[in-house]
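So the mapping is simple: our numbering equals the position in the sequence shown, first residue as 1, plus 236. Ideal Cβ positions, reconstructed from N, Cα and C, are used throughout, including at glycine. One structure below.
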Amino acid sequence: MNNYNNLIFEKRDDYYLLKINRPKNLNALNQDTISELKQCFDFIKKNSKGFYGVILTGEGDKSFVAGADIKEFTGLDKKASIQFCKNGHELFNNIERMPIPVIALVNGYALGGGCELALSCHFRFATGNANFSQPEINLGIIPGYGGTQRLTQIIGKSKAMEMMLTAKMINSDEAFQFGLVNKVVKDNNDGMHHCEELIKTLKRKAPIAIKNVIKSVNNFYDNSSDGFLEEINLFSECSSTFDFEEGVKAFIEKRCPDFKGE
Ligand code: CAA
237 MNNYNNLIFE
247 KRDDYYLLKI
257 NRPKNLNALN
267 QDTISELKQC
277 FDFIKKNSKG
287 FYGVILTGEG
297 DKSFVAGADI
307 KEFTGLDKKA
317 SIQFCKNGHE
327 LFNNIERMPI
337 PVIALVNGYA
347 LGGGCELALS
357 CHFRFATGNA
367 NFSQPEINLG
377 IIPGYGGTQR
387 LTQIIGKSKA
397 MEMMLTAKMI
407 NSDEAFQFGL
417 VNKVVKDNND
427 GMHHCEELIK
437 TLKRKAPIAI
447 KNVIKSVNNF
457 YDNSSDGFLE
467 EINLFSECSS
477 TFDFEEGVKA
487 FIEKRCPDFK
497 GE
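Spelled out as structure tokens, the structure:
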């Protein structure tokens, strides 16, 4: 199953294991990874019978996913940025609508698109060294993979505002207090153990009822679809600013950005 450049995809006895495998880049999501993830989740959707969950994690023990690949941002104009957001939205919506639960085992950094990826899953377990942040504001953009909507849905407006406006990094204990994660685990091994225990529990439940709980809970948020569309437009508006160019340049040059408000 593993003909992927950026992923490790395995069928275990009764669940799927999916690892983002770009540890040198802290598992940042480049467009190739997004498209490989789409292929895997399409496969899982069509082959969910007899499988009771998906464990989604990052290779290594430093990072789950450190966000969208900022190195692909150079030259991203208004039009391309709309497509960029739509690619992420399509994948993350698919994950949210999977017929079997997807468990994010957040094993290190979950930043920007990485936090948004975890938010699209049905359960989030975080290792003791996990850190969550929406740092897009430091690049002169906004979260563009559904974060403005899902983070607010999950942790509420005031905490979501704080995270998105300050780029504050929160550790796994704070994330648990915020309701951002379901459980804090020790490390990768302990995390896998807890994920497998959860899958054992899910295996004892009725599969059609599981699929319909996911569908029905998602229906509760359906009226927020305009918010998702508007997020794409606002992201793309930021992408044509001087500040975005400066934010990306500053990240690549490993310095603080000098924003001008234009
Ligand atoms: N994109 C591309 N490369 C990344 C990356 C990212 N998001 N995050 C880390 N990397 C790369 C670094 O450039 C570095 O590569 P080189 O060795 O080639 O220089 C490598 O991964 C290791 O990273 P650091 O040397 O920076 O490691 P560190 O331990 O000093 O710092 C960090 C870790 C705090 C996570 C830091 O890497 C960082 O701030 N990363 C960027 C996080 C970020 O801003 N994410 C949001 C992206 S925007 C987004 O996701 C938009 C959206 O909504 C979809």
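Query                                                                                         : Result
Burial state of S452, where buried means 16 or more other Cβ atoms lie within 10 Å            : exposed
Reduced DSSP secondary structure (H/G/I, E/B, other) of V303                                  : Sequence inspection shows Gly at residue 303; the Val mentioned does not correspond to that position. It is coil, neither helix nor strand.
Start-to-end residues for the beta strand (DSSP E) that takes in K419                         : 419 to 421
Per-residue DSSP class, three states only, for K393                                           : helix
With 16 other Cβ atoms within 10 Å as the buried cut-off, status of R440                      : exposed
Cβ neighbour criterion (16 or more within 10 Å) applied to F328                               : buried
Presumed contact (8 Å Cβ cut-off) between F361 and H430, rounded CB distance                  : 6 Å
Cβ-based neighbour list, F471, same chain, cut-off 7 Å, excluding 5 preceding and 5 following : S317, C321, I377, I378, G380
CB contact flag (L355, L387, <8 Å)                                                            : yes
Residue range of the beta strand (DSSP E) that includes K260                                  : From DSSP, K260 is part of no beta strand (DSSP E); its letter is neither H nor E.
Distance cut-off 7 Å: G349 Cβ against heavy atoms of the ligand CAA                           : yes
Beta-carbon proximity check, G294 vs N343, cutoff 8 Å                                         : yes
C-alpha distance - A304 paired with I373, whole-angstrom precision                            : 14 Å
Continuous alpha helix (DSSP H) stretch holding I280: start and end                           : 267 to 282
Expected contact under 8 Å - CB spacing of I256 and N266 to nearest Å                         : Actually they are not in contact, since the Cβ atoms of I256 and N266 sit about 10 Å apart, beyond 8 Å.
T402, DSSP secondary structure in three states                                                : helix
Cα-Cα separation, M405 to E398                                                                : 10 Å
Member of F279, F464, E489, K496 whose CA lies at the smallest distance from the CA of T477   : K496
L438 versus P337, G392, E410, residue with shortest Cα-Cα distance                            : P337
CB contact flag (N418, F359, <8 Å)                                                            : yes
Pairwise C-alpha distance: E246 and G289                                                      : 12 Å
Near the ligand CAA: G383 beta-carbon under 7 Å from a heavy atom                             : yes
Identity of the residue in N261, F456, L401, T269 nearest D297 by Cα                          : N261
Simplified DSSP assignment, three categories, for K247                                        : strand
G382 and E467 closer than 8 Å at C-beta                                                       : yes
Residue closest to D313, alpha-carbon to alpha-carbon, out of S475, D268, G392, Q385          : S475
Three-state secondary structure (DSSP) of L253                                                : strand
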